[in-house]
Amino acid sequence: MKRNLQAFLVYLLGFLLLWEWLRPVEQLTQTDHIEMFVIFILVSFAVSFLRLKWIWQMILKIWFILFSVHMFHYDTGFFQLDWLSSFLSNLTSNFSTIIALNWLGITNEFRTLLFFILLWLMVYLVNYWLLNRKRIFIFFFMTLIYITVLDTFTLYSAKTAIVRTVVVGFAVMGMLTYYRILAKEEVNTDSIITRKWMRPLVLMIAFSVIIGIVAPKFEPIWPDPVPYLQAAGNKGGDDANGTGVSKVGYGTDDTQLGGPFIGDDSIVFKAEARQKNYWKVETKDHYTGKGWIPSSSTSIQIGGDEVIPVSSIPSSVETRDASARLFLFMDYEHLIYPAGIQRAQFERSYTLEIDSTKEKISIFGFDSKPIAPDAYTVEYKIPQYEAIDLRETSVVDPVQIDSAFLAQYTQLPENLPERIKELAESITKGETNWFDKAKAIERHFGGSEFRYDQKNVAVPGENDDYVDQFLFDSKVGYCDNFSTSMAVLLRTVGIPTRWVKGYTGGEFMDYSEGDTSKSIYEITNNNAHSWVEVYFPNQGWVPFEPTKGFTNDVSIDFTNPDGTPEAAETTAPPAPKPQQNQEEDSSSAKGEKQSFSFNGIWSSIKIFFNNYWKFISLSFAIIVGAAGLVYRLRGKWIPHLYLLQFRLRKKDENIGKAYPILLEQLERYGLKRNENQTLRNYARYIDTFFASREMSKLTDSYEQYLYHQKLPKGSWKDSRELWENLIKKTIA
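All residue numbers for the sequence shown refer to our numbering, where the first residue is 22 and numbers rise by one.
If you want it as structure tokens, here you go:
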């Protein structure tokens, strides 16, 4: 291949294709100075293009490798040969390490050298494919597989890499195909021929890329495997640190919240109860700016049948008794219980250890070893709150709330961004009591600016606050984001809160056998959840549900003292109209529907065009362009239809229709017939052009048919062969 612009472009495209192999390395590994490896590839292609002697190429590449190794790993001057002797002894020791199959013992210097040698070999192979074989499809295909596999199974995003690779790959394959044809046909390179080849190639690539980018795309059928692979790596469960993709479920480490997680349908337990419940596991009270930790840990041990002293409901709150039977499917050594728990009944005698701060209840046998029971029954009280009682608290009463208690449950980090408090004050502006302030903040998260998502969830940076990032930056998250944000917002206005972890009510499966008043609910890891509890004097801890799309079953009576429901909470149904008026309204509605049907259709059309005008315009341009291309190339595809049309015909009279078609095709081909030119003269002209006698023979048969309106029986077979040969010559 000559050293000209075309050859330079081929080398450049080969370099760009090989560069795609290096791009993910920096992101997915700890490789530094990736630019030096890119420069090495560029230098290797450059010396090959300049056709330096092999000895000079080798000297230049070896010098570059040594310079890079020195820059990466040695502090002395490059021309001080002390480092070189150290490097050579390092190589010797690494060979011994390899022979001993101690792969982890290979030094970084030797790894760098091996990587340069690998790149050297890859450049050699690409040069061989470009210059000798003039075929690059295998390497192009391997590049596509390489980046798509990395895109699928790692965090590397190949969206732009795919486009770059397709453009570069198609371009270099098109150019190499052109050069192969020139070499095969022994045709000298001509600028006009080159332009005729390259222009359609560029248009085809541009057209394909634009269609690929702009055209609508289907959603992926299979789920993204990356979260599953990462979850398998970190087990996704209890002690996930929140920095990667976790697996949904109960975990113990909440110091670093945020990041995506994947679903898990594994059954945790089944509950037999008369109503759905939120199921608690533990609470946490100290917000760090990144997550939650317990402020202290004080354990209390009780017998398995004693009253459990957690979050007792004040006597001023009306309650009703309830019970539920839990059947465990996972080996959890702690109690899963509803709010208002009184007792837990086991098939055996166990000891319960209660962390008074976290309210986490662990189960132990008499040998003091943790126990994971198969089933147990919990007795609990369901509170019936009155809104009027909840609204009694407007300010902190030192008599009702201890200062240490208030400090514990209104704690906030010192570096909490001030705008969080400003937002809380803005949301609760005009509200005079704690309950209405809590409801206002709870409603705030139902706004359209917040979105529930389990995958596209940010992890706060080193200097970011978890709540601040969610409230003002991402506004996308799941229960941890919503619940933590509500708890912190309320704390900024002096209202005590705590963060609760557990499970939602699960999915109804069936009614209890022999007792249809009870239902069976299935709770899986997907039901793992967090919410907020707000403390009200004389009311205790009241749960709130800020997470978008979730509702708890807390019973709050919003009836006013005079017995009327609050207008803000309930709306009276409209009074029924007389039947006559209903019929009139019905007929009026029908009339309106008929009279405005055309306007509705026109509005729908306008909305459709407003939403999809880009796609419609592109589709129209594609259709027009395709139609123009089909018309322009009609001389290539129409003859095939004619060949197919007459191939199965056997009547001798078919020549009367076939011959005029041949004349039209010859004219499209560029062999025009003059107005006064006879068929015989035109046939001789065609035979001269194609160096044959086929047109004259076919013309004799056609003239015989014109003058006598018949032909010898079976003559169409020979005439069809002549006709097909001539048609094929016009499309060769």
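The beta-carbon is built from N, C-alpha and C at its ideal position, and this holds for glycine as well.
Here the alpha carbons of F191 and I748 stand approximately 33 Å from one another. I541: member of the beta strand (DSSP E) spanning D536 to T545, first to last residue.
Burial is judged here by how many other beta carbons sit within 10 angstroms of a residue's own beta carbon; A204 has fewer than 16 and is exposed. Judged by beta-carbon spacing, A396 lies beyond the 8 Å limit of R440, meaning their Cβ atoms are not closer than that value. Counting along the chain, W150 sits inside no beta strand (DSSP E), nor does DSSP assign it H or E at all. Sequence-distant partners of R412 (beyond 5 residues in either direction) whose C-beta falls short of 7 Å from its own C-beta, in its chain, are N454, F456 and D457. Counting of Cβ neighbours within 10 angstroms places S722 among the buried residues, the total reaching 16 or more.
In its chain, beyond the 5 residues on either side, V417 and P517 have a beta carbon closer than 7 Å to the beta carbon of L427.
Scanning F636, K750, G35 and M530 for the CA closest to the CA of H661 turns up K750. In this structure, I544 sits near F290, with a CB-CB distance shorter than 8 Å. In this structure the stretch 348-357 touches the stretch 378-396; the number of beta carbon pairs closer than 8 Å is three or more.
Between R464 and the set P434, V420, Q429 and L510, the nearest pair of CA atoms involves L510. Counting only residues of its own chain and dropping the five nearest sequence neighbours on each side, F529 has a CB closer than 7 Å to the CB of S540 and Y542. In this structure the stretch 95-110 does not touch the stretch 174-194; the number of beta carbon pairs closer than 8 Å is below three. Leaving aside the five residues that flank A508 on each side, the residues in its chain whose CB is nearer than 8 Å to its CB run, in chain order, Y308, T518, R519, W520 and V553. Excluding the 5 residues flanking it on each side, F503 has same chain C-beta neighbours closer than 7 Å at F466, P567, T568 and K569, in chain order.
In summary, H550 is buried, with 16 or more beta-carbon neighbours lying within 10 Å of its beta-carbon over all protein chains present. Under the DSSP definition of a beta bridge, F565 partners with V553. Exclusion of the five residues before and after T513 leaves L433, I441, K442 and A445 as the residues of its chain whose Cβ lies within less than 7 Å of its Cβ. Taking each of G386, T378, A459 and E327 in turn and checking the Cα distance to V399, the smallest one comes out for E327. Look at the beta carbons and you see the stretch 142-150 not touching the stretch 71-78: under three pairs across the two are nearer than 8 Å.
With a contact defined as Cβ atoms closer than 8 Å, I234 and E41 miss out at about 18 Å.
Residue environment analysis places V170 among the exposed positions, since fewer than 16 neighbouring C-beta atoms fall within 10 angstroms of its C-beta. In this structure, DSSP gives R72 a state outside helix and strand, which the three-state scheme calls coil. Looking at S638, K522 and M225, the one whose alpha-carbon comes closest to that of E303 is K522. Burial of P359 is indicated by the presence of at least 16 other C-beta atoms within 10 angstroms of its C-beta.
A check of alpha carbon separations from N547 across Y499, S538 and D578 identifies Y499 as the nearest. Per DSSP, the unbroken alpha helix (DSSP H) holding L30 starts and ends at L26 to L49. As DSSP reads the structure, G279 sits in no beta bridge.
Rounded to whole angstroms, the gap between the alpha carbons of R694 and L33 is 49 Å.
Every alpha helix (DSSP H) stretch that sits fully inside the stretch 142-197 and reaches 4 residues is listed by chain position as 158-174. Counting only runs of at least 4 residues, the stretch 377-446 fully encloses the following alpha helix (DSSP H) elements, listed from N- to C-terminal order: 408-411 and 424-430. Taken through DSSP and simplified to helix, strand or coil, T751 comes out as helix.
In the DSSP annotation of this structure, the continuous segment of the beta strand (DSSP E) that includes T304 starts and ends at W300 to K305. Spanning the alpha carbons of P558 and E47 requires a straight line of approximately 57 Å. Following the DSSP letters along the chain, one finds E339 inside the beta strand (DSSP E) bounded by residues E339 to L349.
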